[in-house]
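S.K.:
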Amino acid sequence: MSESVSSLQRRRNLLQKIVFNIFRLAALINGLALFIIVYFMVAKGWKAINWTFLTQPPVDSMTKGGILPCIVGTLCLSIGAILIAMPIGVASAIYLNEYARPGRLIRVIKLGINNLAGVPSIVFGLFGLAVFVVWLKMGVSIIAGALTLGAMTLPVIIGSTEEALRAVPDTYREASLGLGATKWQTIYRVVLPTALPGILTGTILGISRAAGETAPIMFTAAVFFTPSLPVSIFDEVMALPYHIYVLATAGTEIEATRHLQYGTALVLIFLVLGMNLIAIIYRSRLRKRMQ
Amino acid sequence: MDNPVKIEVKNLNFYYGEFQALHDNSLDFHINEVSALIGPSGCGKSTFLRCLNRMNDLIPISRVEGNILLDGLDIYDPSVDVVMLRSRIGMVFQKPNPFPKTIFENVAYGLRVNGIKDKSIIENRVEESLKLAAIWDEVKDRMHESAIGLSGGQQQRLCIARALAVEPEILLMDEPCSALDPIATQKIEELIYQLKKSFTIIIVTHNMQQAARVSDITAFFYMGELIETGETNTIFTRPKLKQTEDYITGRFG
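Order-wise, the sequence lines are chains V and Z. First residue of the first sequence: 2, per the numbering used here; consecutive thereafter. First residue of the second sequence: -14, per the numbering used here; consecutive thereafter.
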């Protein structure tokens, strides 16, 4: 009897070990993937990176010089996308989560948002071309690209904001309303500040994802080459992901500019990781202040 | 029961969708008295309490019938501003729920949302409320630290101070000690005894001893019905109904 119990025990423990190790492996693959990507970019691109590369425009048919216009362009597009998508996304999420009473309209809106998240980025690019560039006569410009990237990021921002709002305990809302606060005061003074770290994280993650997209900006904002930096939101710009695409597929010296392609990719990665890092630091600061 | 009536509940029915949670409850609450609502879980006592400041309005599928008169005026009348109503009726919840703000800002919150901007008024009222809630000495040197760092019992007294700062006429307490240890519970009970000099207090509790200790009036709920109500002494020593006696003595519930 006791022998069979202990053999059962052994088998159960063994099974548990195997299962956990499979999970551990799965988790390791994630970390490894990022490490390998960064390793290759650094190994192949670090030689391209120097002061000139970061502060000068490309010269000699983009085989020499730097990528400053691309860095500036991508920053403009990302910041523009945040400025456009964050207010609309957060406002939508507040409406859906705090004000709207469940019904058919809300179901349709939520279905729409979920499907928006599944639309391929090239479709957003064509949409931006048709609506912002042509119909609204914005031309190929920062504003058209930022609007397109913003539209693409909206579902992510709405989703993460809704999640952050749902994580705010209802007891906070009840306490606030019980003190004679209006619903808006409750949202503005209690719910939003509590949800802010989550909202910011979701927003930055969404935007940093969008910052690396090529398809939505190739018809709406980015150009092959322009040596000058943008001075208005109606200017066209160069952008990091599009620049990589151009160098790697359409340039005249594809092989000779490999190191520039990797260098540009490395800059893009650090830009995106940098944005994420800012979000993480800001979030942990906010959390600390609340505790 | 000589004090004037503050709240008069007449034939109150409450529905969650199809489910009727309260059946035809009628009950008066008097100024400067503590009334305890007791009964087994799910008997409707919390629902009843939350009808009194219309907190149940937040539940989309709920419906109220009957009248609740506050100083003779029906609080469910369409002309009543529910936000104003709630600033007259303070509420303390089962779990201490201070906002993730500083101790000072927690107590000042109700004042700020009600439009008080004068710094010295706010500071005075915060101090008074914290003193009234018997927590001033424990927090006066850490007013600008987060309220989340306080112990459970301190948090609950802070929540009471937060409610008092708005100068309500009535204090609703929904099992305010259920998440607290006996020492913190004792402090809150002493506080309730002090506060009834200035307020009408209605407390929901699962703790029979607590109801017996703090209340003047006890109302026993069962399955959404108000079974028996009367002076606490009478209810606990000579209840009229067998059902009440069985519950109080712990034979069921």
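Glycine included, each C-beta is placed from N, C-alpha and C at the ideal position.
Can you pull the chain V residues whose beta carbon is under 7 Å from the beta carbon of Z/Val199, in chain order?
M.R.: Here residue 199 of chain Z refers to the residue found at position 214 of the second sequence. Residues of chain V whose Cβ lies closer than 7 Å to the Cβ of Z/Val199 do not exist; the shortest such Cβ separation is about 21 Å.
S.K.: If I measure Cβ to Cβ from Z/Gly29 and keep anything under 7 Å in the same chain, skipping five residues before and after, which residues do I get?
M.R.: Numbered from its first residue, the second sequence carries residue 29 of chain Z at position 44. Contacts found: Ala6, Leu7, Phe206, Gly209.
S.K.: Based on DSSP bridge pairs, tell me the residues matched to V/Ala223.
M.R.: Locating residue 223 of chain V in the first sequence gives position 222, counting from the first residue. DSSP output for V/Ala223 lists V/Val238 as bridge partner(s).
S.K.: Run through DSSP, which three-state label would Z/Ala204 get?
M.R.: Numbered from 1 along the second sequence, position 219 holds the residue referred to as residue 204 of chain Z. Strand, per DSSP.
S.K.: Which stretch, first to last residue, makes up the alpha helix (DSSP H) that contains V/Ser209?
M.R.: Mapped onto the first sequence, residue 209 of chain V falls at position 208. Here the alpha helix (DSSP H) through V/Ser209 covers 193 to 212.
S.K.: For Z/Phe33, count the other beta carbons within 10 Å of its own beta carbon; 16 or more makes it buried, fewer makes it exposed. Which is it?
M.R.: What you label residue 33 of chain Z is simply residue 48 of the second sequence in a count that begins at 1. The residue is buried, with at least 16 neighbouring Cβ atoms inside 10 Å.
S.K.: Report yes if the C-beta distance between Z/Met158 and Z/Val77 is below 8 Å; otherwise report no.
M.R.: Translated into positions along the second sequence, residue 158 of chain Z becomes position 173. Translated into positions along the second sequence, residue 77 of chain Z becomes position 92. Against a cut-off of 8 Å, the Cβ pair of Z/Val77 and Z/Met158 comes out as a contact.
S.K.: Taking the runs of the alpha helix (DSSP H) that are 4 residues or longer, which of them lie wholly in the region 148 to 233 of chain Z?
M.R.: 167 to 180, 193 to 199, 217 to 222, 227 to 233
S.K.: Establish whether the CB of V/Gly179 and some CB of chain Z are separated by less than 8 Å.
M.R.: Here residue 179 of chain V corresponds to residue number 178 of the first sequence, with the count starting at 1. Taking CB atoms only, V/Gly179 has a neighbour in chain Z less than 8 Å away.
S.K.: For the ligand COA, I want to know if Z/Glu123 counts as a neighbour, meaning its beta carbon is within less than 7 Å of at least one of the ligand's heavy atoms.
M.R.: The ligand COA is absent from the structure shown, which contains no ligands of any kind.
S.K.: Quick one: which chain V residues come within Cβ less than 8 Å of Z/Pro45?
M.R.: The residue you call residue 45 of chain Z lines up with position 60 of the second sequence. Neighbours of Z/Pro45 on chain V, chain order: Arg102, Pro103.
S.K.: To which residues of the same chain is Z/Asn17 closer than 6 Å at the C-beta, ignoring the five residues directly before and after it?
M.R.: Counting from one through the second sequence, the residue named residue 17 of chain Z turns up at place 32. Cβ neighbours of Z/Asn17 beyond the five flanking positions: Asn(-12), Lys181.
S.K.: Does Z/Phe78 get closer than 8 Å to chain V when you measure Cβ to Cβ?
M.R.: The residue given as residue 78 of chain Z occupies position 93 in the second sequence. Yes, contact with chain V.
S.K.: How long is the line joining the alpha carbons of V/Leu76 and V/Leu127, rounded to whole angstroms?
M.R.: In the first sequence, the residue the question calls residue 76 of chain V occupies position 75. In the first sequence, the residue the question calls residue 127 of chain V occupies position 126. Cα-Cα distance, rounded: 22 Å.
S.K.: Could you please give the first and the last residue of the uninterrupted beta strand (DSSP E) stretch that includes Z/Asn10?
M.R.: Locating residue 10 of chain Z in the second sequence gives position 25, where the first residue counts as 1. Note, Z/Asn10: beta strand (DSSP E), 4 to 15.
S.K.: Let me make sure I understand the geometry here. Which of V/Gly275, V/Gly264, V/Pro231 has the alpha-carbon closest to that of V/Lys317?
M.R.: In the structure as shown, chain V begins at 2 and stops at 292. Residue 317 of chain V is therefore absent and cannot be evaluated.
S.K.: If you count every other CB in all the chains shown that lies within 10 Å of the CB of Z/Arg71, and 16 or more means buried, which is it?
M.R.: As a position in the second sequence, residue 71 of chain Z is number 86, starting the count at 1. Buried: at least 16 other Cβ atoms inside 10 Å.
S.K.: Just curious, the beta strand (DSSP E) that Z/Tyr1 is in, first and last residue?
M.R.: The sequence position of residue 1 of chain Z within the second sequence is 16, counting from 1. DSSP places Z/Tyr1 in the uninterrupted beta strand (DSSP E) bounded by -10 to 1.
S.K.: So, helix, strand or coil for V/Thr154, using DSSP?
M.R.: For the purposes of this step, residue 154 of chain V is taken as the residue at position 153 of the first sequence. In this structure, V/Thr154 counts as helix in the three-state DSSP scheme.
S.K.: So, is V/Ile282 buried or exposed, given that buried needs 16 or more other C-beta atoms within 10 angstroms?
M.R.: For the purposes of this step, residue 282 of chain V is taken as the residue at position 281 of the first sequence. By the neighbour-count rule (16 or more Cβ atoms within 10 Å), V/Ile282 is not buried but exposed.
S.K.: Should V/His244 go down as buried or exposed, given a rule of 16 or more other Cβ atoms within 10 Å for buried?
M.R.: The count along the first sequence starts at 1 and reaches residue 244 of chain V at position 243. Buried, since its Cβ has 16 or more Cβ neighbours within 10 Å.
S.K.: Any beta carbon from chain V within less than 8 Å of Z/Val189's own beta carbon?
M.R.: For the purposes of this step, residue 189 of chain Z is identified with residue 204 of the second sequence, where counting begins at 1. Taking a beta-carbon distance threshold of 8 Å, Z/Val189 does not count as an interface residue toward chain V.
S.K.: Per DSSP, what kind of secondary structure is V/Ser7 in: helix, strand or coil?
M.R.: Indexing the first sequence from 1 puts residue 7 of chain V at position 6. V/Ser7 falls in the helix class under three-state DSSP.
S.K.: Counting C-beta neighbours from all protein chains within 10 Å, is the total for V/Val141 16 or more, i.e. buried, or is it exposed?
M.R.: Position 140 of the first sequence, counted from the start, is the residue given in the question as residue 141 of chain V. V/Val141 comes out buried.
S.K.: Got a sec: is the Cβ-Cβ distance from Z/Phe(-1) to anything in chain V below 8 Å?
M.R.: To locate residue -1 of chain Z, count along the second sequence from 1; it is residue 14. No, its Cβ sits nowhere closer than 8 Å to a Cβ of chain V.
S.K.: By DSSP, does Z/Asn52 sit in helix, in strand, or in coil?
M.R.: Along the second sequence, one-based indexing puts residue 52 of chain Z at 67. Here Z/Asn52 sits in strand by DSSP.
S.K.: For my contact list, V/Gly181 and Z/Val151 are in at a C-beta cut-off of 8 Å; report their separation, rounded to the angstrom.
M.R.: Residue mapping note: residue 181 of chain V aligns to position 180 of the first sequence, counting from 1. Residue mapping note: residue 151 of chain Z aligns to position 166 of the second sequence, counting from 1. Contact flag correct, Cβ pair sits at about 6 Å.
S.K.: Find the residues of chain V that neighbour Z/Gly95, judging by a C-beta separation of less than 8 Å, and give them in chain order.
M.R.: Within the second sequence, residue 95 of chain Z is the residue found at index 110, counting from 1. Ordered by position in chain V, the residues that pass the 8 Å Cβ test against Z/Gly95 are Leu180, Gly181, Ala182.
S.K.: Can you pull the DSSP bridge partners for V/Lys65?
M.R.: Your numbering for residue 65 of chain V matches position 64 in the first sequence. Answer is V/Val60.
S.K.: Are Z/Gln139 and Z/Cys162 touching if we call contact CB-CB under 8 Å?
M.R.: Translated into the one-based positions of the second sequence, residue 139 of chain Z becomes position 154. Translated into the one-based positions of the second sequence, residue 162 of chain Z becomes position 177. Result no, Cβ atoms of Z/Gln139 and Z/Cys162 do not sit closer than 8 Å.
S.K.: Less than 8 Å separating the beta-carbons of V/Gly203 and V/Ser161?
M.R.: Looking up residue 203 of chain V in the first sequence gives position 202. Looking up residue 161 of chain V in the first sequence gives position 160. Going by C-beta atoms, V/Gly203 is nearer than 8 Å to V/Ser161.
S.K.: For Z/Ser131, collect the residues of the same chain with a Cβ closer than 8 Å to its Cβ; drop the 5 residues on either side in sequence, then sort them by chain order.
M.R.: Taking the second sequence and counting its residues from 1, one reaches residue 131 of chain Z at position 146. Pro85, Lys86, Thr87, Ile88, listed in sequence order.
S.K.: Checking the sheet assignment: what are the DSSP bridge partners for Z/Ala21?
M.R.: Taking the first residue of the second sequence as 1, we reach residue 21 of chain Z at position 36. Bridge partners of Z/Ala21: Z/Ile188, Z/Thr203.
S.K.: Using a C-beta to C-beta distance shorter than 7 Å, which residues of chain Z count as neighbours of V/Tyr173?
M.R.: Your numbering for residue 173 of chain V matches position 172 in the first sequence. By Cβ distance, chain Z contributes Asn82, Phe84.
S.K.: Is the region 80 to 96 of chain V in contact with the region 139 to 158 of chain V, if contact means three or more CB pairs nearer than 8 Å?
M.R.: yes
S.K.: Starting from the beta carbon of Z/Ser72, find every residue of chain V whose beta carbon is closer than 8 Å, and list them in chain order.
M.R.: What you label residue 72 of chain Z is simply residue 87 of the second sequence in a count that begins at 1. What Z/Ser72 touches in chain V, judged by beta-carbon distance under 8 Å, is Leu180, Gly181, going in chain order.
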